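Data block below; observations after.
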Amino acid sequence: MSCPICQKPTTPAFRPFCSQHCADVDLGRWFKGDYRVPSLRQDNDPEELETQIAQLTEEASPHTP
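Residue numbers (the numbering used here): 16 to 80.
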């Protein structure tokens, strides 16, 4: 198996990477959002946000009988 970052042979201590450096490079890519799955969902859809806020408000408010 080769390291997905630099293609060198992997080291058992850092598998699937060859070194701590390549593991850190991969982690940095995750943090920057380089690895993502395309989606058709719009996170900033105003109607959806209003629905979510209403649901959270309803869950947070105490229910009176």
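Heads up, the beta-carbon is just placed ideally off N, CA and C, and yes, glycines get one too.
As the structure is a prediction and not an experimental result, all values here were calculated from the model.
Check: Distance, P31 Cα to P19 Cα; Outcome: 7 Å
Check: Test item: CB-CB of S17 and P27 under 8 Å; Outcome: no
Check: Beta-carbon contacts of C21 that lie in its chain and below 8 Å, excluding the five residues immediately before and after; Outcome: C33 and C37
Check: Coarse secondary structure for P53, derived from DSSP in three states; Outcome: coil
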